[in-house]
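Contents: one structure, followed by commentary.
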Amino acid sequence: MSLNFNKAEFIRSAAARDGFLRDGLPQFAFAGRSNVGKSSVINRLVNRKNLAYIGASPGKTTQINYFLIDGRAYLVDLPGYGYAKVSQAEKERWSRLMESYFQEGADAITTGVLIVDIRHKPTENDRVMHDWFRQTGCPEIIVANKLDKLKRSQVEPALALIRETLELTDRDILVPFSAEKGTGKEELTGLLNKACE
Ligand code: GDP
Numbered sequence: 003m004s005l006n007f008n009k010a011e012f013i014r015s016a017a018a019r020d021g022f023l024r025d026g027l028p029q030f031a032f033a034g035r036s037n038v039g040k041s042s043v044i045n046r047l048v049n050r051k052n053l054a055y056i057g058a059s060p061g062k063t064t065q066i067n068y069f070l071i072d073g074r075a076y077l078v079d080l081p082g083y084g085y086a087k088v089s090q091a092e093k094e095r096w097s098r099l100m101e102s103y104f105q106e107g108a109d110a111i112t113t114g115v116l117i118v119d120i121r122h123k124p125t126e127n128d129r130v131m132h133d134w135f136r137q138t139g140c141p142e143i144i145v146a147n148k149l150d151k152l153k154r155s156q157v158e159p160a161l162a163l164i165r166e167t168l169e170l171t172d173r174d175i176l177v178p179f180s181a182e183k184g185t186g187k188e189e190l191t192g193l194l195n196k197a198c199e
């Protein structure tokens, strides 16, 4: 039976490895640079305005938020990266948390979801995140968000640039998406459902 993404609840935030969940349920780990629309994509998937902002209390940006979907899978919201105004201390906290997550928690990842901006060549940080997912060996879905900001003729070249920059293989799935309009939602939920079978 497919997951009902409308049934989503915040479970916990983890700032270190003792907070990582590993109870055997499938986990979809969502990553992306700050402002790429990661929260908007998550909110679109679960049909809620604010779910992905729940764990995002001020001053607590460096944490991993777990949401339970339909009582049967976790959506894992990894902290965003690449925001220029973040302090050095915060950047180091981010690195420590991600290193420990990819060392200790990564075998719990069912599918990695990397969100990039369809308008731009993926950044160096996007490539690093993509490599981390790749090293875990989990299947990965790349969501090219903000599709609504492109003209139709710009879409294919933009997708080709993302494929080329991230050196995507046939195994990697690239989904054009608009959190704003809802485009790509069915495809993404379908892929996540398939990953749980
Ligand atoms: P996050 O930092 O990655 O969680 O990004 P947010 O979800 O907070 O979104 C950052 C900004 O991008 C907000 O102003 C959103 O309204 C906007 N945004 C997110 N997704 C889309 C999209 O698909 N299309 C457009 N046009 N704007 C988007």
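Numbering-wise, the sequence shown is residues 3 to 199 according to this note's numbering. Glycine included, C-beta positions come from ideal geometry on N, C-alpha and C. Bear in mind the structure is a predicted one, so any value in this text is a computation, not a measurement.
Does ligand 1 have even one heavy atom less than 6 Å from the beta-carbon of residue i?
i, result
"Lys-40", "yes"
"Gly-82", "yes"
"Asp-25", "no"
"Ala-181", "yes"
"Asp-133", "no"
"Lys-151", "yes"
"Lys-187", "no"
"Asn-67", "no"
"Asn-127", "no"
"Asn-6", "no"
"Ser-15", "no"
"Lys-93", "no"
"Lys-148", "yes"
"Ser-155", "no"
"Ser-89", "no"
"Asn-49", "no"
"Ser-36", "yes"
When we look at the beta-carbon of residue i and count the other beta-carbons within 10 Å, is it buried (16 or more) or exposed?
i, result
"Gly-73", "exposed"
"Lys-148", "buried"
"Gly-107", "buried"
"Asp-20", "exposed"
"Gln-90", "exposed"
"Met-3", "exposed"
"Glu-188", "exposed"
"Glu-142", "buried"
"Asp-128", "buried"
"Ser-97", "exposed"
"Gly-114", "buried"
How many Å lie between residue i and residue j at the Cα?
i, j, result
"Ile-175", "Tyr-85", "26 Å"
"Asp-119", "Arg-35", "9 Å"
"Arg-46", "Asn-52", "10 Å"
"Ser-180", "His-132", "21 Å"
"Ala-31", "Ala-162", "24 Å"
"Pro-28", "Ile-111", "7 Å"
"Glu-199", "Arg-95", "35 Å"
"Val-48", "Phe-7", "5 Å"
"Lys-87", "Ser-155", "34 Å"
"Asn-37", "Arg-136", "23 Å"
"Gly-186", "Ala-160", "16 Å"
"Leu-194", "Lys-93", "30 Å"
"Leu-170", "Ala-18", "30 Å"
"Glu-182", "Arg-50", "12 Å"
"Ser-15", "Ile-144", "24 Å"
"Ile-117", "Gly-39", "8 Å"
"Lys-9", "Val-130", "32 Å"
"Tyr-76", "Gly-184", "21 Å"
"Ser-102", "Asp-150", "36 Å"
**Q.** Sequence ranges, alpha helix (DSSP H) only - wholly within the segment 62 to 115, length at least 4
**A.** 90 to 102
**Q.** Every unbroken alpha helix (DSSP H) inside the segment 118 to 193 [4 residues or more]
**A.** 126 to 138 and 154 to 167
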